[in-house]
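Participant: Below you'll find the structure I mean.
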Amino acid sequence: MRIGEVAARSGVSVRALRYYEEQGLLEAHRSASGQRRYPESVVERVHLIQMLYAAGLSSRTIAELLPCVEAKVSTPESRARLFAERDRIDAQIAGLTRTRDRLDAVIASTESPASGCTYIADRDAATRAS
Numbered sequence: 001m002r003i004g005e006v007a008a009r010s011g012v013s014v015r016a017l018r019y020y021e022e023q024g025l026l027e028a029h030r031s032a033s034g035q036r037r038y039p040e041s042v043v044e045r046v047h048l049i050q051m052l053y054a055a056g057l058s059s060r061t062i063a064e065l066l067p068c069v070e071a072k073v074s075t076p077e078s079r080a081r082l083f084a085e086r087d088r089i090d091a092q093i094a095g096l097t098r099t100r101d102r103l104d105a106v107i108a109s110t111e112s113p114a115s116g117c118t119y120i121a122d123r124d125a126a127t128r129a130s
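Residue numbers are given in the UniProt record's numbering: position 70 of the sequence shown equals residue 70, and the series is strictly consecutive.
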């Protein structure tokens, strides 16, 4: 299957497929004229790669885990890697939550008369309420 067909059937760009190949996530065989040729099974692999990217994994982590995932083999090492990735994402969520909480505090302080800010009501909201 040529790269354009893989892109159409998998819903990803040709550029993404080339990137996956550069990262060692896909392997293409070359025709005599130098065109990339992929097996039929590549579409399922691309969908798997997309799912792993959507889960927040880097291409390096995907490359490390892909053989285990495809073989449906769960090793202590692969589970530890997945747990570590989940912990990394949890830490990011906690950081974003703290940032949102600080922003909420700033918003609340600007709405208080004690803040010294001149409070200007939302004119559109006031018009809708009338």
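Note that the Cβ used here is the ideal one computed from N, Cα and C, for glycine as well. Quick caveat: nothing in here was measured; it's all calculated off a predicted structure.
Ignore the nearest five residues each way along the sequence and tell me which others in S10's own chain have a CB closer than 6 Å to its CB.
Facilitator: V43, V46
Participant: Assuming L17 and S59 form a contact by the criterion Cβ under 8 Å, report the distance between their Cβ atoms to the nearest whole angstrom.
Facilitator: In fact, because the Cβ distance is near 13 Å, the residues do not count as touching under 8 Å.
Participant: Tell me whether A28 is buried or exposed, calling it buried when 16 or more other Cβ atoms sit within 10 Å of its Cβ.
Facilitator: buried
Participant: Please state if the CB of R36 and the CB of R79 are separated by a distance shorter than 8 Å.
Facilitator: no
Participant: Which same chain residues end up closer than 6 Å to P39 when comparing Cβ atoms and leaving out the 5 residues on each side of it in sequence?
Facilitator: none
Participant: Checking the sheet assignment: what are the DSSP bridge partners for H29?
Facilitator: In DSSP, H29 forms a bridge with R37.
Participant: Starting from P67, trace the alpha helix (DSSP H) both ways and give me its first and last residue.
Facilitator: First-last of the alpha helix (DSSP H) with P67: 59-71.
Participant: Please report the distance separating the alpha-carbon of Q92 from that of R98.
Facilitator: Spanning the two alpha carbons is a distance of roughly 10 Å.
Participant: Are there 16 or more other CB atoms within 10 angstroms of the CB of L57, so buried, or fewer, so exposed?
Facilitator: buried
Participant: Suppose the cutoff is 7 Å on Cβ atoms and the five residues either side in sequence are ignored; what does the same chain contact list for L66 look like?
Facilitator: L25
Participant: Measuring only the C-alpha atoms, how far is E111 from L103?
Facilitator: L103 has its alpha-carbon roughly 13 Å from the corresponding atom of E111.
Participant: Please list, in chain order, all residues of the same chain as G4 whose beta carbon is under 7 Å from its beta carbon, the five residues on each side excluded.
Facilitator: For G4, where only same-chain residues beyond five positions count, the Cβ hits under 7 Å are V14.
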